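Colleague:
2 protein chains.
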Amino acid sequence: MTSAATINDVATMAGVSIKTVSRVVNREPNVSEKTRERVAQAIAQLRYKPSLAARGLAGGRSFLIGLLYGNASDSFLGELQRGILRTCRERHYGLALFPVAQQAPDLEADVLEWIRSTQPDGIILSPPLSDNEALVDALLKSGIKFISVSSAGTGRGPSVHIDEAAAAQQMTRHLIEAGHRRLGFVKGPADHVCSCLRFEGFCAALSAADIPFDDSLIACGDFHFDSGVEAAEQLLSGLNRPTAIFASNDDMASGVMHVAYQKGLTIPSDLAVAGFDDTPVSRQLWPGLSTVRQPIQSIGQTATERLLADISGVKNENSGNGAEPKYRRAESEILPFELMLRASTKG
Amino acid sequence: MTSAATINDVATMAGVSIKTVSRVVNREPNVSEKTRERVAQAIAQLRYKPSLAARGLAGGRSFLIGLLYGNASDSFLGELQRGILRTCRERHYGLALFPVAQQAPDLEADVLEWIRSTQPDGIILSPPLSDNEALVDALLKSGIKFISVSSAGTGRGPSVHIDEAAAAQQMTRHLIEAGHRRLGFVKGPADHVCSCLRFEGFCAALSAADIPFDDSLIACGDFHFDSGVEAAEQLLSGLNRPTAIFASNDDMASGVMHVAYQKGLTIPSDLAVAGFDDTPVSRQLWPGLSTVRQPIQSIGQTATERLLADISGVKNENSGNGAEPKYRRAESEILPFELMLRASTKG
DNA sequence: ATGATTATTGACAGCGCTGTCAATGCCGGT
DNA sequence: ACCGGCATTGACAGCGCTGTCAATAATCAT
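Chains D and F, in that order, give the protein sequences.
No gaps in the numbering here: position 92 of the first sequence is 92 in this note's numbering, and each next residue is one more.
Quick note: to get this note's numbering, add 347 to the position in the second sequence (first position is 1).
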C-alpha cells in the first residue's frame, strides 16, 4: 500500500515527465488533451495530492488563502468555510483562518503582520471587516489580492454578495401585502454596510406602498440576540405597537419573538416577525421564522474561485508590455437571494 | 528595502553556516552560548522569519495541526475552532481544516491522503470521527499524533472531554426532582459514543430514583432537528405521554418543542424539555431550553496544548535508549460541565 | 515538399530549509 | 606531549515541486 504517491509516481505511471504532471495539476495550457487525460487518470488512480509545502517553496507561492473574520455568527462562518473549502480542495489550496478582534486599535497592523508571517496568496474578507475602510486601504496598498464576501463593502475591491436592499424590500413588501401597516424595524450595527442597505430596502418598500415613515417604529441593535430583546421591548412597550417587526437578522428576530411571548402576544396573529439570514435557528423557532436566505456557501465558493483566478491571473498578466499595471477592476458579483416564508408572518 | 531575509542572510551576517542558524532557530542543543547570541541578534536585526514551506519540505514537519470533522454543528465547530486557534496562535502553529464526508467508503484512505499532502504535525479529531474504530486504527498505525475532543472515543488514543454520562444523569435527576416520573428520552445516533453515554446517564438516574425503565418512552434520532420532530411525534402520540422529554442534543430538543407547540402543549407546564450542548439556539428558543453546557472552547484549547506537547515530546524522546518505543499512554482529560437550567424545565 | 511557426514536452537548476555525517576544536587523563 | 572523547560546527545531499529554456513534434504557408 505505502502512503506516498509523489509527482514522480504519477509521471512514471502516465509515461510523461514530472513537469507535464505539474502542468496538468496547475491547469496550465499547452498540454494535449490526450496527455492531460492520461495524467489525470494516473493522478486519480494513485490518489495523488501535491505537497503544499513543496509547491510553495518552488513556486514562491503559499497555496494558502486567508479568511479574515470578526465576530460573525458560527452558522455564517460555518457555511462560508464550507463553500470556501470546497473550492480550495479541488484547487489544492489551503485555508488559513484569522479571527481578528474587530475593536483592536491596530487592526490593520495586526492583519498586515499576519499576512507577512503567513504569506497567503489571497484573502477573503468577511463582514464587517469588508466595511472597514482603513483595513481595505491597507490591503489595497499592500498589493495583496483580496475579495469581500456578503458585503459590497465600501465599493473598493471586488466582492460577492446578494442585493441586500432588494431582499429587505421584498420581505417588507411581503409583510405589507399580508395587511400590515404599522411595521417595526430593528436595525443592525451602523458600521455594517449591509445593515444600512437592509434598512434602505425597508424604507423603499414603505414608500412604495405609501406608508409614512414612523421613527418611533425603528430600533437599533447589534445583530445579537440580546439587542433584539432590548429593541423589541422598546418597540412593543408603546400603546400603538407595530403589528409586524422586521429584524435585520435572525438572532435579533428571535429576541423579538422572546419578548412577544413574554408579553403574551401570539405570533403571527398579534405580531408578525421576520428575520434575515436563514440561520438554522429560524427553522427551529416556533413558529418558524420568515427570513431571507443568502446562498452563503455559494458566495464562499464563488469568492474563492474569483480570488484564485485573480491570483493566477497575475502570472499571465505581467508577461505583456512593460506599462503600468492597470488598477484591478472592483467588479462585484451579485448572487440571488430567496425569501423563506414560514409561519411567523403567515397571518 | 527588500522583503525577504533568508537563512543565508542571517548566516552571513552572523558569520556562521546556515546549519548553525537552523540550530538556533530550532532551539537545538550543541550551540555555544556565544554563537547562539550572535545568531539571535542577526535574526532580530534582519527580522528573519523562517519559511514554513521550506521547513516543512525539508524537515517533514509543517507547523500545522489538522482539524478533522464530520457534519458537526456550526456552533460546535465555531467554538472548537476558537479554542484551538487561541493556542495555535500563541504557539505559532497553523490550523488546517479537513471536513470529511463521514459516509465515504474510503474514509481512512481519504484522511491518510490528506495527511500526506498537508503533513500536519498532529491531528484533532472531533466527534463522531473519534468513534470510528477503523479511522482511529489507521491513524494509530500511521504513527501520527492525534487527540480526540469531546468524546472518549473507543478508548484508544488520548482525548479531552466531559463526563457525558454524569452530565446526562444530573440533568435527568433535575427533571425527576421537579416531579416528573414519566420521562421521555431521544437518543442520538448509535455510532456516537457520546449518544450511548448520555443514554446511560439517563438510565442511571432513572434507576437511582427507582423509576422503572419504559421502552415506549425512548425514541431514536440522529442529532438533527427533523429527527427530533419525528421522535417527539412518536413519543407524544400515545395516550400516556411523558411529562418531560430529555433530548440528547439541543437541535433535537428544539424539534421536540416544535411538536409540543403544534399539539397545543405548553412548555414547561404540560411538557418539560431538556437538551444537551448549550448551543446558542437553546437561549433563543421560547421558553429558554435547559441544557448541559460543555466548555467546548476550553476543550479545544486543552486538546491543542496536549497535542503540541506530544509533538515536541517526540523529538526529545527518541534520544534515549534504543528500546521499543513504548505505546503512548491513552490519557484522557476530563473537563467540568455545567447544567444550564432555563424555563423549559422550570415547572 | 520545404522552411517557418507554433504546440507540446522534458532536462535541469534551484526554492529555503533540515538531516546526516564528517571535520574541527577543546577537555581531561596519563 | 599524546590520545580518547565530547562539544561544536559546517559541507552536502536532498525534500517535492515549479520556472526556464531548449528540444522535439505537429501544423501551416508557400
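Don't be surprised by glycine CBs; every beta carbon is placed ideally from N, CA and C.
Predicted, not measured: the structure shown is a model, and the values here were computed from it.
#1: Run down chain F in chain order and give the residues with a C-beta less than 8 angstroms from the C-beta of D:ARG47.
#2: Starting from the C-beta of D:LEU307, find all residues in its chain whose C-beta is less than 7 angstroms away, skip the five residues before and the five after it, and write them out in chain order.
#3: For D:ILE43, count neighbouring C-beta atoms within 10 Å of its own C-beta (all shown protein chains included) and say buried if the count is 16 or more, exposed if not.
#4: Can you find a CB in chain D that lies within less than 8 angstroms of the CB of F:THR465?
#5: By DSSP, does D:LYS145 sit in helix, in strand, or in coil?
#6: So is F:LEU444 in contact with chain D if we call contact Cβ pairs under 8 angstroms?
#7: Quick one: which chain D residues come within Cβ less than 9 angstroms of F:GLY469?
#8: What is the residue span of the alpha helix (DSSP H) that F:ILE558 lies within?
#9: Would you check if the segment 608 to 626 of chain F and the segment 402 to 412 of chain F touch, i.e. whether three or more CB-CB distances between them fall below 8 angstroms?
#10: With a CB to CB cut of under 7 angstroms and the five nearest residues on each side skipped, what residues in its chain are close to D:GLY70?
#11: Three-state secondary structure (DSSP) at F:PHE593?
#12: Could you tell me the alpha carbon to alpha carbon distance between F:ILE643 and D:MET13, rounded to whole angstroms?
#13: Please decide whether D:VAL281 counts as near chain F, where near means a Cβ-Cβ distance under 8 angstroms.
#14: Hey, D:SER254 and D:GLY83: beta-carbon distance below 8 angstroms or not?
#15: Return the bridge partner residues of F:GLU680 from the DSSP annotation.
#16: So which residues of chain F does D:GLY56 contact, with C-beta pairs closer than 7 angstroms?
#17: So for D:ARG293, helix, strand or coil by DSSP?
#18: Taking a cut of 9 angstroms between CB atoms, which residues from the segment 420 to 431 of chain F lie near chain D?
#19: DSSP three-state call for F:ALA481: helix, strand or coil?
#20: Are F:PHE593 and F:PHE532 touching if we call contact CB-CB under 8 angstroms?
#21: Closer than 8 angstroms, CB to CB, is F:GLN631 near chain D or not?
#22: Within the continuous alpha helix (DSSP H) that includes F:ALA619, where are the two ends?
#23: Residues of chain F with CB closer than 8 angstroms to the CB of D:TYR261, please, in chain order.
#24: Is there a Cβ from chain D that is less than 8 angstroms from the Cβ of F:PHE572?
#25: Please check the pair F:VAL606 and F:GLU580, which I expect to be a contact at CB under 8 angstroms, by giving their CB distance rounded to whole angstroms.
#26: Are the beta-carbon atoms of F:LEU530 and F:LEU553 separated by less than 8 angstroms?
#27: By the three-class DSSP mapping on this structure, what secondary structure does F:ILE523 have?
#28: Under the assumption that F:ASP598 contacts F:GLY575 (Cβ atoms under 8 angstroms), give the Cβ distance between them as a whole number of angstroms.
#29: State the start and end residues of the unbroken beta strand (DSSP E) segment that holds D:LEU125.
#30: So, is the C-beta of D:SER254 closer than 8 angstroms to a C-beta in chain F?
#31: Taking a contact to mean a Cβ-Cβ separation below 8 angstroms, would you say D:LEU217 touches D:PRO189 in this structure?
Modeller: On the basis of the data shown:
#1: Near D:ARG47 (Cβ distances below 8 angstroms), the residues of chain F are ALA456, GLU460.
#2: ILE65, GLY122, ILE124, LYS145, ILE147
#3: buried
#4: yes
#5: Of the three classes helix, strand and coil, the one that applies to D:LYS145 here is strand, per DSSP.
#6: yes
#7: Residues of chain D whose Cβ lies closer than 9 angstroms to the Cβ of F:GLY469 do not exist; the shortest such Cβ separation is about 16 angstroms.
#8: Segment: none, F:ILE558 is in no alpha helix (DSSP H) and carries neither H nor E.
#9: no
#10: Hits under 7 angstroms: VAL100, GLN102, PRO128, LEU129.
#11: strand
#12: 46 angstroms
#13: yes
#14: no
#15: F:VAL507
#16: ALA400
#17: strand
#18: SER420, ASP421, SER422, PHE423, LEU424, GLY425, GLU426, GLN428, ARG429
#19: helix
#20: Cβ distance < 8 angstroms, so F:PHE593 and F:PHE532 count as in contact.
#21: yes
#22: Per DSSP, F:ALA619 belongs to no alpha helix (DSSP H); it is in the beta strand (DSSP E), 619 to 621.
#23: TRP633, PRO634
#24: yes
#25: 6 angstroms
#26: yes
#27: Here F:ILE523 carries a helix assignment [DSSP, helix/strand/coil].
#28: Rounded to the nearest angstrom, the Cβ distance from F:ASP598 to F:GLY575 is 6 angstroms, consistent with a contact under 8 angstroms.
#29: 122 to 125
#30: Output row for D:SER254: interface = yes.
#31: Against a cut-off of 8 angstroms, the Cβ pair of D:PRO189 and D:LEU217 comes out as no contact.
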